Amino acid sequence: MRKNQKGFRRPVIIKKNNKQPEAQPSIDPITGKKIPKSFVFSRGKLPVPLKQLQMDLRKLMLPYTALSLKEKKRNNLRDFLNVAGPMGVTHFLILSKTKTSPYLRVATTPQGPTLTFKIQEYALAADIAQSQLHPRCPKDLFKNSALIVLSGFVSGDLPLRLTTNMFQNIFPTIDVKTVKLSSCQRIVLLNYNKETKLIDFRHYSIRLQPIGVSKRIRKLVQSHQVPDLRNLQDVSDFVTKAGYGSESEADDEAATVTLSSNLGRVNRASTKSAVRLQEIGPRMTLQLVRIEKGLCSGEVLFDEFATGKPGDKGKTDDKIDNDDEDLEGSEDDDDQDGEEDPNDDEDGEELD
Numbered sequence: 001m002r003k004n005q006k007g008f009r010r011p012v013i014i015k016k017n018n019k020q021p022e023a024q025p026s027i028d029p030i031t032g033k034k035i036p037k038s039f040v041f042s043r044g045k046l047p048v049p050l051k052q053l054q055m056d057l058r059k060l061m062l063p064y065t066a067l068s069l070k071e072k073k074r075n076n077l078r079d080f081l082n083v084a085g086p087m088g089v090t091h092f093l094i095l096s097k098t099k100t101s102p103y104l105r106v107a108t109t110p111q112g113p114t115l116t117f118k119i120q121e122y123a124l125a126a127d128i129a130q131s132q133l134h135p136r137c138p139k140d141l142f143k144n145s146a147l148i149v150l151s152g153f154v155s156g157d158l159p160l161r162l163t164t165n166m167f168q169n170i171f172p173t174i175d176v177k178t179v180k181l182s183s184c185q186r187i188v189l190l191n192y193n194k195e196t197k198l199i200d201f202r203h204y205s206i207r208l209q210p211i212g213v214s215k216r217i218r219k220l221v222q223s224h225q226v227p228d229l230r231n232l233q234d235v236s237d238f239v240t241k242a243g244y245g246s247e248s249e250a251d252d253e254a255a256t257v258t259l260s261s262n263l264g265r266v267n268r269a270s271t272k273s274a275v276r277l278q279e280i281g282p283r284m285t286l287q288l289v290r291i292e293k294g295l296c297s298g299e300v301l302f303d304e305f306a307t308g309k310p311g312d313k314g315k316t317d318d319k320i321d322n323d324d325e326d327l328e329g330s331e332d333d334d335d336q337d338g339e340e341d342p343n344d345d346e347d348g349e350e351l352d
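The sequence shown runs 1 to 352 under full-length UniProt numbering.
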């Protein structure tokens with residue numbers, strides 16, 4: 001009767017969600033060191049395609065990066081460095097654009113070194129997907145970090161050694177004996193061409209196909225859907241129908257592995273499965289142009305365009321050099337802009 005009385009309001013029940021998001025580990029159980037985490041941001045104004053490349057790189061570095069990191073005009077490198085320490089960020093990936101070319105700098109915090117790459121060519125993840133008949137992007141694709149594979153980095157030269165160490169250290173280490181196969185969803189491949197001195201940067205998704213299982217049976221097991229048998233005389237016609245038998249490309253011995261554990265409904269332990277890589281982007285062609293000892297500053301250890309004269313930094317764009325000066329930033333500059341720092345709660349996504 002009370003609900004009919006004037007002024008009566010139904011009580012509001014608030015259900016508390018006691019489930020907390022699963023915290024990411026901060027210590028690598030294999031090496032005992034901190035798991036590498038990254039910030040991907042830009043210096044200076046970027047055109048729209050490069051802004052999308054920045055977002056693609058953030059997705060590539062998931063889950064140990066700040067996907068929703070926001071930048072302000074007044075933020076300098078010192079601002080990001082101040083936030084990096086408490087959040088456990090170990091690497092910066094910095095995009096910039098000059099009048100002639102885009103650049104990507106990969107730096108180790110807090111004291112360097114810094115590798116500067118000239119981006120000769122690049123393709124966005126959206127471009128790669130549009131070029132494929134059946135793009136593949138499972139919902140859990142970015143739940144675990146990508147595997148890193150380096151090809152052609154065999155020289156003992158200092159630039160290649162530092163490049164190898166840098167890219168190996170920006171991804172978590174794995175133990176092939178204990179790693180869960182279900183966590184191996186993506187792979188980043190870097191191939192160095194010693195003749196052109198260019199690095200091909202590729203990003204693939206990994207999928208397995210059981211050998212000796214027809215395409216129709218595999219889809220039936222994976223989708224749980226009842227097949228349409230109305231026009232068939234026998235169920236064997238469904239399995240052996242021309243064009244739907246075992247796929248010959250999946251029987252290539254060079255591309256098969258024997259699984260140590262079950263993976264999904266069709267890839268079972270102790271059976272052979274074919275490994276398939278499908279590019280998901282982004283794609284880049286990089287040229288190493290400079291290595292600095294510090295964080296975007298300090299002694300130049302390598303310069304592709306240096307003439308050998310003392311103090312000569314080579315022919316790298318002046319704007320790249322000028323961007324380094326903001327690491328020294330003054331407090332007076334902070335008062336000239338009313339925008340907020342990247343460590344404000346609404347501007348940055350905190351890493352676990």
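Every residue, glycine too, gets a C-beta built ideally from N, C-alpha and C. Bear in mind that the values here come from a model prediction, so they are computed numbers and not experimental data.
Query, Result
"Would you check if the stretch 64-75 and the stretch 122-132 touch, i.e. whether three or more CB-CB distances between them fall below 8 Å?", "no"
"Shorter than 9 Å from the beta carbon of residue 86 to some beta carbon of chain B?", "Within the model displayed, chain B is absent; a lone protein chain is all it includes."
"Are residue 300 and residue 103 touching if we call contact CB-CB under 9 Å?", "no"
"Can you name the residues that DSSP bridges to residue 102?", "97"
"Would residue 98 and residue 198 qualify as a contact pair, given that the criterion is a beta-carbon distance under 9 Å?", "no"
"In angstroms, rounded to a whole number, what distance separates the CA positions of residue 191 and residue 77?", "30 Å"
"For residue 170, is the classification buried or exposed, using 16 other Cβ atoms within 10 angstroms of its Cβ as the cut-off for buried?", "buried"
"Is it buried or exposed for residue 91, if we count other Cβ within 10 angstroms and need 16 for buried?", "buried"
"In the structure shown, what three-state DSSP assignment does residue 267 receive?", "Confidence at residue 267 is low in this model, with a pLDDT of 49, below 50, so the placement of that residue is unreliable and no value is reported for it."
"For the beta strand (DSSP E) holding residue 66, just list the boundary residues, first then last.", "From DSSP, residue 66 is part of no beta strand (DSSP E); its letter is neither H nor E."
"Using the beta-carbon count (16 or more within 10 Å), is residue 281 buried or exposed?", "buried"
"What are the boundary residues of the alpha helix (DSSP H) that includes residue 129?", "125-130"
"Mark residue 205 as exposed unless 16 or more other C-beta atoms lie within 10 angstroms of its C-beta, in which case mark it buried.", "buried"
"In whole angstroms, give me the CA-to-CA distance for residue 139 and residue 298.", "43 Å"
"Name, in chain order, the residues that DSSP records as bridge partners for residue 111.", "Answer is none; residue 111 lacks a bridge partner."
"Helix, strand or coil: how does DSSP classify residue 166 here?", "helix"
"Pull up the distance between the alpha-carbon of residue 95 and that of residue 175, whole angstroms please.", "32 Å"
"For residue 120, I'd like the list of residues in its chain whose CB is within less than 6 Å of its CB, leaving aside the five on either flank, ordered along the chain.", "285, 287"
"Is DSSP giving residue 205 helix, strand or coil here?", "strand"
"Name the residue from 113, 151, 56 whose alpha carbon lies nearest to the alpha carbon of residue 129.", "56"
"Which same chain residues, not among the five before or five after residue 37, have their C-beta less than 8 Å away from its C-beta?", "64, 65, 87, 88, 89, 90, 91, 351"
"Report the rounded CA-to-CA distance for residue 187 versus residue 148, giving the unit in angstroms.", "6 Å"
"What does the alpha-carbon distance come out to for the pair residue 172 and residue 144?", "10 Å"
"List the residues that DSSP assigns as beta-bridge partners of residue 116.", "105, 290"
"Run through the DSSP bridge pairs and tell me what residue 401 is partnered with.", "Lying before the first or after the last residue shown, residue 401 is absent from the chain, which here runs from 1 to 352."
"Within the continuous beta strand (DSSP E) that includes residue 43, where are the two ends?", "38-43"
"Short check: CB of residue 116 to CB of residue 292, under 9 Å?", "yes"
"Tell whether a beta-carbon distance below 9 Å holds between residue 84 and residue 39.", "yes"
"From which residue to which residue does the alpha helix (DSSP H) around residue 58 run?", "48-60"
"For residue 27, is the classification buried or exposed, using 16 other Cβ atoms within 10 angstroms of its Cβ as the cut-off for buried?", "exposed"
"Check for me: the alpha helix (DSSP H) holding residue 78 runs from which residue to which?", "77-87"
"Mind checking whether residue 33 and residue 142 have CB atoms under 9 Å apart?", "no"
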